[in-house]
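Here our numbering = 1-based position in the sequence shown + 613. Glycine included, every Cβ here is placed at the ideal spot set by N, Cα and C. Down below is the structure, laid out as structure tokens.
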Amino acid sequence: MGNSNGCTVDDLQAVEMHLWYKKFMTECPSGQLTLHEFKQFFGLKGLDPEANAYIEQMFRTFDMNK
């Protein structure tokens, strides 16, 4: 019944995260990117000012190259 293939949500999320990481390391082999590249990588274009401010704050929070 239900989920016959045995995959859990966690399994799917792990696979998706692995694919995102692989894409990131392919496009940014140094492991570093600018705010502009960050927005482009995640398709964050045309955001309203509030969403843009949130994304910029999130980027600054994880930016280890301050």
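Query, Result
"Determine, using beta carbons only, whether F637 and F654 come nearer to each other than 8 angstroms.", "yes"
"What ranges does the beta strand (DSSP E) occupy inside the region 650-676, keeping only unbroken runs of at least 3 residues that lie completely in it?", "none"
"Would DSSP call T621 helix, strand or coil?", "coil"
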